[in-house]
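Note that the protein sequences, when read in sequence, are chains E and D.
Using the UniProt record's numbering, the letters of the first sequence correspond one by one to residues 1 to 717.
Using the UniProt record's numbering, the letters of the second sequence correspond one by one to residues 1 to 76.
Since the structure comes first, as structure tokens, the remarks are kept for the end.
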Amino acid sequence: MTEVIGSVAAAPVKTPVKNNISRIALIGNPNSGKSSLFNQLTGLNQKVGNFPGVTVDKKTGSCHLTPQHKAQIIDLPGTYSLYPKSLDEKVIIDLLYNKKSALYPDVLVITVDASNLKRNLLLYTQLADLGIPAVLGLNMTDVAETHGVKIDVGQLQQDLGVPVVPMNARNGVGITALKILVSRQLEKPAKSFYEIPEELMVLVRQIRYYFELKNDYLALHYAHQYKKLSFLSEADKSYIEDLRQKYGFDSNTLQAAETIERYTLINDLLLDSVKVTRAESNEKFSNKLDQVLTHKVWGYLIFFGVLFMMFQAIFAWATYPMDLIDTGIASLNAFIQSKFDGPLVDLLTEGVIAGLGGVLIFIPQIALLFAFIAVLEETGYMARVTFMMDKIMRKFGLNGKSIVPLISGVACAVPAVMAARNIDNWKDRMITIFVTPLMSCSARIPVYTVLIALVVPEKYYLGFLNLQGIVLMGLYLLGFLAAIFSALAMKLILKAKERSYFIMEFPVYKMPRWPNVGLTIIEKVKAFVFEAGKVIVAISVILWVMASYGPGNALEVAETKAQQEAAAKNLSEDETSSLVSSHQLESSYAGVFGRAIEPAIRPLGFDWKIGIALLTSFAAREVFVGTISTIYSVGDEENISTIKEKLLAEKDAAGNPFFTPARAFSLLIFYVFAMQCMSTLAVVYRETKSWKWPVMQLIYMSGLAYVSSYIVYQLFK
Amino acid sequence: MQEPQRSVKDLRIGEKGVIGHLRDPEMSLKLLEMGCIPGTEVKLNSKAPLGDPITIIVNDYTLSLRLDEAENIMLK
């Protein structure tokens, strides 16, 4: 301490109040406008990090309460009570019950939905009893009024003994008043409510004394939830355990009694301050809309229409900006290569910049998908989707909300896996993330097209059923079946960490708040670029090195040999250069790798050349086509019929055509199942916060691919 | 004692009832927190197209839940 003071004193005239940054935590029920308030307070000054050990995003931001008073704001997950039911909610008690926590707040801002005051106040009264200074943000008073609920704010403030600020987080009304009150509320704890039954006080006092807590209610919560508090040591936990044994502490019954008692207190309290005159116009409107939107027929039709739009967006609309990024990166590389020369320049352009391009290329899809998802969440439609799909999806170990990631996976697994974040239940979310990459994504299409064109004749049945089209559809169906049956298997294997509930508020329809939609998009894109992006660039540099360098002077030897061969055959300049690339790739480390794995992939009908393509297409599946073109020196890789001709001309050792239907189908099946995508692995790592899941996924999908290809090849050979 | 007790699961759409007690101690905590307090009026508001989950109106708001959750809310 003295050191700090010394250095401040030594520094030239600076404001000595360096520590005048208050920590403010936002807490409230789901749908109480907490996120809108967080966005209003922090705007673009927000950061997304992790809570340790869980997959909950930790959103923090900064704002000025008054021109002199800066505050750090933390947005806690939405919850209905301080007795957490999900892993996400557990974060809250870990933070609030540990004064030593780096994020322990000075003030709580509790957002309360005025149109549903009774239930929202339950959480408030629990928080008030903890004795942390608090301000109550009375949100959605406008909605309450259309419901005929009139709230006497002065009376409520008096009864609760805490500043109450009527506000509208959606349009920013009341935010300034809230900031001023928060800056003044730093010291005063809120008035407490619940009286702990006398018979529990012996136990409560002992815990309070042992842990040096300043509050009885906090001590009671230690008794209830000691198992969930990660900051307690084993010794601490067994101390509480013993006390509970000694006094016969029945947690469930006591919690139930406390909740009922609180509702009684709230009911009495609201008699004074709330006047209700029935006018259910808004709810009626929501109900009417629901009769159509969750209708047996129309409900599903409309939902599939919405899915189709989302699918179109990430599949078709996204291609324009994606092409722009692609050509932009290519011309940037061409520009750098024309100005500079040398191996470092190659590393920069073909390794690093190409890798960055591989990251940026996903931005349009992520942005578009999350624009849709944010609107669906904001309007309340997502709750209806979950409602309609829950029964079907639950049979497969999935959740009503899993449908969005699964369908999006048909366009691209990367944004799809990120969309699984919306699934609250840990087990359901993990299963969804695990199986989504099995859905055939758009990067598989080039591979499918080339191989189908190679071995499936362009025949028509009944005049309009194209055989190639049927095979393509079969591949998609195969991916879908693999996804749902893998989910079913995981449902049985994976142990649930928490009970899965569907008990939640069914929100009324609302207009989306566009700034919230925009901030969601920015947040998701940033998370992908900065977290998954690092992994993608690193892997793409490694892959590039493997394909561009060989042991010793192997590459130069290959080039000379190719030159001689070309001269002997009298090839044109273009043909010569593609022959050179082909020979060089064969002698590179990638070639070495291909030869090394050949014994392992021979039972699938693959040779070392395909082995090279399997390695390079780990960057992204569509790279398969480019690599195959290079290996077989096709030259013009855009043209499928040229590739087809070259591949058909390829002979095996005995002089028979190499690409037999058995080989091609084996390869097709391999690409249906295999986790050939570093970006997906990177994003799964980012979403699950551990390497365990992506590695298991890689092993599972590669294993599935290997076994299926083996069966196909051995059957048709 | 009496004839088998009815739960929220047995309500018809639009039908009202009064909550008697809750079964399943763990789930009942969640239900209590959501406002399903004994003595409160509930109304079955709607059912999903496949019959499950359902929405009920309790304490002036709409709550959605699965049938196997609803059968823990016993009626008076």
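Cβ coordinates follow ideal geometry from the N, Cα and C atoms, glycine included.
Here the structure is a predicted model, which means the values were calculated and not measured.
beta-carbon residue i near the ligand NAD non-hydrogen atom, thresh 7 Å
i              : result
I314 (chain E) : In the structure on display, the ligand NAD does not appear, and there are no ligands present to speak of.
Contacts around residue i, its chain only, beta-carbon distance under 7 Å, and the 5 residues preceding and following it disregarded
i              : result
N45 (chain D)  : T55, I56, I57 and T62
I302 (chain E) : L293
I423 (chain E) : N399, K401, S402, R429 and T432
I484 (chain E) : F396
Cross-chain neighbours of residue i in chain C, by beta carbon under 7 Å
i             : result
L75 (chain D) : Chain labels in this structure do not include chain C; the protein chains are E and D.
Residue-chain proximity (residue i, chain E), Cβ-Cβ < 8 Å
i             : result
I37 (chain D) : yes
L44 (chain D) : no
E69 (chain D) : yes
E41 (chain D) : no
N59 (chain D) : yes
Proximity test, Cβ basis, 8 Å: residue i and chain D
i              : result
E586 (chain E) : no
N252 (chain E) : yes
S81 (chain E)  : yes
F396 (chain E) : no
I503 (chain E) : yes
D216 (chain E) : no
R429 (chain E) : no
V8 (chain E)   : Caution applies to V8 (chain E), whose pLDDT of 39 falls short of 50 and renders its modelled position unreliable; the model cannot decide the point.
I631 (chain E) : no
Y263 (chain E) : yes
M388 (chain E) : yes
Q255 (chain E) : yes
T259 (chain E) : yes
I392 (chain E) : yes
R499 (chain E) : yes
F249 (chain E) : no
F506 (chain E) : yes
Beta-carbon proximity list for residue i, same chain, < 6 Å, skipping 5 on both sides
i                     : result
residue 786 (chain E) : Look at the range of chain E in this structure, 1 to 717, and you will see that residue 786 (chain E) is not part of it.
L95 (chain E)         : S101 and L103
V162 (chain E)        : A134, L136 and A190
V455 (chain E)        : P661 and A664
L519 (chain E)        : N39
M74 (chain D)         : Q5, S7, G20 and H21
K237 (chain E)        : Y226
Buried versus exposed call for residue i [16 or more other C-beta atoms within 10 Å across all chains shown]
i                     : result
P12 (chain E)         : Confidence is the limiting factor: at P12 (chain E) the pLDDT is only 41, short of 50, which leaves the residue's position unreliable, though a coordinate-based value still follows. That one is exposed.
G703 (chain E)        : exposed
P437 (chain E)        : buried
S230 (chain E)        : exposed
A169 (chain E)        : buried
V18 (chain D)         : exposed
Y222 (chain E)        : buried
M418 (chain E)        : buried
K227 (chain E)        : exposed
N399 (chain E)        : buried
A235 (chain E)        : exposed
residue 718 (chain E) : Shown here, chain E extends from 1 to 717; a query on residue 718 (chain E) therefore has no answer.
Y460 (chain E)        : exposed
T277 (chain E)        : exposed
G6 (chain E)          : Confidence is the limiting factor: at G6 (chain E) the pLDDT is only 38, short of 50, which leaves the residue's position unreliable and the question unanswerable from this model.
M393 (chain E)        : buried
R205 (chain E)        : exposed
Same chain, Cβ closer than 8 Å to residue i, five either side skipped, listed in chain order
i              : result
L265 (chain E) : T125, F193 and Y194
E650 (chain E) : Y632, P657, F658 and F659
Q.
Pairs of beta-carbons, one from the region 614-626 of chain E and one from the region 435-447 of chain E, closer than 8 Å: are there three or more?
A. Look at the beta carbons and you see the region 614-626 of chain E touching the region 435-447 of chain E: at least three pairs across the two are nearer than 8 Å.
Report task. May I ask you to verify whether the region 549-562 of chain E touches the region 572-589 of chain E, counting CB pairs closer than 8 Å and requiring at least 3? Result -> In this structure the region 549-562 of chain E touches the region 572-589 of chain E; the number of beta carbon pairs closer than 8 Å is three or more.
Within 9 Å of chain D by C-beta, residues of the region 281-309 of chain E in sequence order = Within the region 281-309 of chain E, the residues whose Cβ lies closer than 9 Å to any Cβ of chain D are, in chain order, E283, S286, N287, D290, Q291, T294, H295, K296, V297, G299 and Y300.
_Taking 8 Å as the cut-off, does the region 346-364 of chain E touch the region 313-329 of chain E (at least 3 CB pairs, one atom from each stretch)?_
By the criterion of at least three beta-carbon pairs nearer than 8 Å, the region 313-329 of chain E is in contact with the region 346-364 of chain E.
Mind the definition here: the region 403-414 of chain E touches the region 591-607 of chain E only if three or more C-beta pairs lie below 8 Å; say whether that holds.
-> At 8 Å Cβ cutoff, the stretches do not touch.
The region 347-355 of chain E contacting the region 380-388 of chain E, beta-carbon criterion three pairs below 8 Å:
Note that the region 347-355 of chain E does not touch the region 380-388 of chain E; fewer than 3 beta-carbon pairs, one per stretch, sit closer than 8 Å.
Could you run through the region 107-136 of chain E and flag, in chain order, every residue whose CB is less than 7 Å away from some CB of chain D? Shown in chain order are the members of the region 107-136 of chain E whose Cβ falls below 7 Å from a Cβ of chain D: N116, K118, R119 and L122.
Count the C-beta pairs between the region 464-484 of chain E and the region 670-687 of chain E that are closer than 8 Å, then say yes if the count reaches three, no if not.
Flag = yes, the region 464-484 of chain E and the region 670-687 of chain E touch.
**Study point:** Within 7 Å of chain E by C-beta, residues of the region 4-31 of chain D in sequence order
**Key:** For the region 4-31 of chain D, which is checked against every Cβ of chain E, the residues closer than 7 Å are P25, E26, S28, L29, K30 and L31.
**Study point:** Near-chain D residues of the region 68-100 of chain E (beta-carbon distance less than 7 Å), N- to C-terminal order
**Key:** Listed by position, the residues of the region 68-100 of chain E near chain D (Cβ gap below 7 Å) are Y80, S81, Y83 and K85.
| said: Using a Cβ distance threshold of 8 Å, determine whether the region 68-83 of chain E contacts the region 24-41 of chain E, with at least three qualifying pairs required. | reply: The region 68-83 of chain E, when compared against the region 24-41 of chain E, does touch it at the 8 Å Cβ threshold.
When you check each C-beta in the region 196-228 of chain E against every C-beta of chain D, which residues fall closer than 9 Å? Going along the region 196-228 of chain E in chain order, one finds no residue with a Cβ nearer than 9 Å to chain D.
Worksheet entry | Touching by the beta-carbon criterion (3+ pairs, under 8 Å), the region 304-317 of chain E and the region 508-527 of chain E | With a cut-off of 8 Å on Cβ pairs, the region 304-317 of chain E is not in contact with the region 508-527 of chain E, counting fewer than three such pairs.
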